[in-house]
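Engineer:
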Amino acid sequence: MSMLANGEALAPDILVFDGVVKSYGEAPVLQGVSFSVKAGEVVCVVGPSGSGKSTLLRCVNGLEKFTAGRILFEGAELPTSERSLAQIRQRIGMVFQHFELFPHMTVLGNVVEGPVQVLGESKASARARGLELLAKVGLESKQHERPANLSGGQQQRVAIARALAMRPDLMLFDEATSALDPQMVGEVLGVMKQLADDGMTMLIVTHEMGFAKRVADRVVVLDQGQVIASGPPSDVLENSANPRVREFLQQVRWDGAEAEAPRT
Amino acid sequence: MNFLDNLDWSVIPSNADLLWSGVQLTVVLTFVTMILSIIFGTVLAVLRVCGYRVLSWPSAFVVNFFRSVPLLLLLFWVFYVLPATTDIRLSPFLAALVGLSACGSAYVAEVIRAGILSIRKGQREAALALGMTRSKAFLRITMPQAVRRVIPPLATIWVSLFKDTSLVSTIGVADLSHAALSVRAQTFRVFEILTALAVIYLLLAYPQAKLTDWLHRRLRVEE
Ligand SMILES: Nc1ncnc2c1ncn2[C@@H]1O[C@H](COP(=O)(O)OP(=O)(O)OP(=O)(O)O)[C@@H](O)[C@H]1O
Ligand SMILES: [Mg+2]
Numbered sequence: 119m120s121m122l123a124n125g126e127a128l129a130p131d132i133l134v135f136d137g138v139v140k141s142y143g144e145a146p147v148l149q150g151v152s153f154s155v156k157a158g159e160v161v162c163v164v165g166p167s168g169s170g171k172s173t174l175l176r177c178v179n180g181l182e183k184f185t186a187g188r189i190l191f192e193g194a195e196l197p198t199s200e201r202s203l204a205q206i207r208q209r210i211g212m213v214f215q216h217f218e219l220f221p222h223m224t225v226l227g228n229v230v231e232g233p234v235q236v237l238g239e240s241k242a243s244a245r246a247r248g249l250e251l252l253a254k255v256g257l258e259s260k261q262h263e264r265p266a267n268l269s270g271g272q273q274q275r276v277a278i279a280r281a282l283a284m285r286p287d288l289m290l291f292d293e294a295t296s297a298l299d300p301q302m303v304g305e306v307l308g309v310m311k312q313l314a315d316d317g318m319t320m321l322i323v324t325h326e327m328g329f330a331k332r333v334a335d336r337v338v339v340l341d342q343g344q345v346i347a348s349g350p351p352s353d354v355l356e357n358s359a360n361p362r363v364r365e366f367l368q369q370v371r372w373d374g375a376e377a378e379a380p381r382t
Numbered sequence: 003m004n005f006l007d008n009l010d011w012s013v014i015p016s017n018a019d020l021l022w023s024g025v026q027l028t029v030v031l032t033f034v035t036m037i038l039s040i041i042f043g044t045v046l047a048v049l050r051v052c053g054y055r056v057l058s059w060p061s062a063f064v065v066n067f068f069r070s071v072p073l074l075l076l077l078f079w080v081f082y083v084l085p086a087t088t089d090i091r092l093s094p095f096l097a098a099l100v101g102l103s104a105c106g107s108a109y110v111a112e113v114i115r116a117g118i119l120s121i122r123k124g125q126r127e128a129a130l131a132l133g134m135t136r137s138k139a140f141l142r143i144t145m146p147q148a149v150r151r152v153i154p155p156l157a158t159i160w161v162s163l164f165k166d167t168s169l170v171s172t173i174g175v176a177d178l179s180h181a182a183l184s185v186r187a188q189t190f191r192v193f194e195i196l197t198a199l200a201v202i203y204l205l206l207a208y209p210q211a212k213l214t215d216w217l218h219r220r221l222r223v224e225e
């Protein structure tokens, strides 16, 4: 099989969705989603608004409970008890659309909070590593600032550093650039690209098709809670024969042009 | 004859000792009540939002009960009804403390609950996503932000509680009002005494209001 030849098939699955179903009361949001993410892979999830992308992502770290199906993280089914979920969450980083930095702590305080409070690391070593991570996202000089004094793009980069401080095996991004002014989107995507190049396993919900095309190993298109296409970005984003995929892509291209206008 | 010419302000200095002990009692009563109210109010608020109905329902009942009963009635109830119906016999001071704290705790609980609920859901989720347990997320992330937000309303409760302590004079606690009213009864200098009483309450309340404003500024966090 050609899959074996490219070597990636040998990498273990870090994350497997197996027929994941989620409904709010009567309304089905996810209708049997199945796909997997291998170690080191970058998978972008795209799809129209309300298609269930955020819900899918939030099921991975148990912020949302699903109704049926299975999610396997590093080979084991997600636990249901809060206590064991907390342990799984230590290994899964999440970046939110609205950053969700802790406003009562400094930038560095945000980054060391997880390692110190959750992993029980010493303050000194957590700070040293926190500063390294801030340097990595280009914000070492802001360590003593409060999040409110940072631009949106800077806040999101701190949020990425905060997630990385836990040394996660998997990073989840839920529209990490959607709340940003257009001129700040690039700096955050830049950090994400760098992470991808470092070999981080990433599951990214995004509307940035250009980014998906350049960085993703695979793109999954979600529509009305179903995977309607999945594969390498060139296949899915450029040559899809599926009319629903084409319709969605036309929609985004049009949106994209709107969003880009103020940049010039 | 001019009303003002007839005033005799000397009743104030000549009863200064009595008034001063009233001031001390009022201040002590306010402080102790506020401390108890913050402790019990916080506990009630946390029980209310903890997500377990067996805990939140009783808490809601207690809070709404003590918020609905007029403080004066509560004081009478603790001081007169409780000893008549049970073996519990409290001194006027303790009865005052119980009544005021019950009422204060209910108000504080409501304010703190509102503060907790005002913290965005995303903050808690970000904490959980780091792997914190629910209690740690609450203690490290939700509560510290809520506390900063509730300082202005708590200050308002504090100052109105300080003034409400005047009601305890009705059950014989020798607070500032009680002292002033007994001076009035002895001297019949109604205008002088009541004016002095108002001025003393004002002088005492004003710095408290200022102090809480200052605390509020110090602790404020930009979102
Ligand atoms: N708590 C909830 N209760 C009921 N319905 C919900 C709830 N949360 C989400 N939904 C519904 O689930 C569907 C999927 O929501 P979700 O947020 O996952 O979509 P999305 O693909 O992330 O959309 P967007 O691109 O707008 O972020 C939507 O139709 C939404 O209305
Ligand atoms: Mg979403």
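Chains A and B supply the protein sequences, listed in that same order.
If you read the first sequence in the numbering used here, its first letter stands for residue 119, the second for the next number, and so on.
If you read the second sequence in the numbering used here, its first letter stands for residue 3, the second for the next number, and so on.
Even for Gly, the Cβ is constructed at its ideal location relative to N, Cα and C.
Computed from a prediction, not measured in an experiment: that's the story for all the values here.
Could you give the first and the last residue of the continuous beta strand (DSSP E) run that contains residue 149 of chain A?
Structural biologist: Run containing residue 149 of chain A: 145-156, per the beta strand (DSSP E) assignment.
Engineer: Using a C-beta cutoff of 8 Å, does residue 222 of chain A count as contacting chain B?
Structural biologist: With 8 Å as the cut-off, residue 222 of chain A counts as an interface residue toward chain B.
Engineer: Apart from the five residues on each side of it in sequence, which residues of its chain come closer than 6 Å, Cβ to Cβ, to residue 102 of chain B?
Structural biologist: For residue 102 of chain B, where only same-chain residues beyond five positions count, the Cβ hits under 6 Å are 35.
Engineer: Would you mind telling me which residues of chain A sit closer than 7 Å to residue 1 of chain B, beta carbon to beta carbon, in chain order?
Structural biologist: Residue numbering for chain B in the displayed model covers 3 to 225; residue 1 of chain B lies beyond these limits and cannot be assessed.
Engineer: Under a CB-based cut-off of 8 Å, is residue 309 of chain A close to chain B?
Structural biologist: With 8 Å as the cut-off, residue 309 of chain A does not count as an interface residue toward chain B.
Engineer: DSSP puts residue 52 of chain B in a beta bridge; with which residues?
Structural biologist: Per DSSP, none; premise fails for residue 52 of chain B.
Engineer: Per DSSP, which residues does residue 195 of chain A bridge with? Please list them.
Structural biologist: Answer is A/190, bridged to residue 195 of chain A.
Engineer: DSSP state of residue 106 of chain B, grouped into three classes?
Structural biologist: Helix at residue 106 of chain B.
Engineer: Taking DSSP as the reference, what is the three-state secondary structure of residue 59 of chain A?
Structural biologist: Residue 59 of chain A is absent from the structure shown; chain A starts at 119 and stops at 382.
Engineer: Could you name the residues of the same chain whose beta carbon sits closer than 7 Å to that of residue 61 of chain B, not counting the 5 residues immediately before and after it, in chain order?
Structural biologist: Cβ within range, chain order: 46, 49, 50.
Engineer: Any C-beta of chain A sitting closer than 8 Å to the C-beta of residue 146 of chain B?
Structural biologist: At least one chain A Cβ lies under 8 Å of residue 146 of chain B.
Engineer: Buried or exposed, going by whether 16 or more other CB atoms sit within 10 Å of the CB of residue 160 of chain B?
Structural biologist: When all chains shown are included, residue 160 of chain B counts as buried.
Engineer: According to the neighbour-count rule (16 or more other Cβ atoms, all chains shown, within 10 Å of its Cβ), is residue 266 of chain A buried or exposed?
Structural biologist: The residue is exposed, with fewer than 16 neighbouring Cβ atoms inside 10 Å.
Engineer: Considering only the beta carbon of each residue, do residue 275 of chain A and residue 257 of chain A sit closer than 8 Å?
Structural biologist: Cβ distance < 8 Å, so residue 275 of chain A and residue 257 of chain A count as in contact.
Engineer: So for residue 161 of chain B, helix, strand or coil by DSSP?
Structural biologist: It is helical.
Engineer: Using 10 angstroms around the beta-carbon of residue 82 of chain B, count the other beta-carbons present and answer buried if the total reaches 16, otherwise exposed.
Structural biologist: By the 10 Å Cβ count, residue 82 of chain B comes out exposed.
Engineer: Could you name each continuous alpha helix (DSSP H) segment of 4 residues or more that falls completely within the stretch 220-254 of chain A, going from the start of the chain to the end?
Structural biologist: You should have 225-235, 241-254.
Engineer: I want to know whether the stretch 70-77 of chain B touches the stretch 10-25 of chain B - three or more CB-CB distances under 8 Å.
Structural biologist: With the cut-off at 8 Å, the stretch 70-77 of chain B and the stretch 10-25 of chain B do not touch.
Engineer: Can you pull out the residues from the stretch 115-140 of chain B whose beta carbon lies closer than 7 Å to at least one beta carbon of chain A?
Structural biologist: So the list reads 124, 125, 127, 128, 130, 131, 132, 133, 134, 135, 136, 138, given in the order they occur along the chain.
Engineer: Residues in its own chain within less than 6 Å of residue 218 of chain B by CB, not counting five upstream and five downstream?
Structural biologist: Closer than 6 Å at the Cβ level, and outside the excluded window around residue 218 of chain B, lie 153, 154.
Engineer: Over the uninterrupted beta strand (DSSP E) stretch that includes residue 212 of chain A, give me the two end residues.
Structural biologist: Unbroken beta strand (DSSP E) run through residue 212 of chain A: 210-213.
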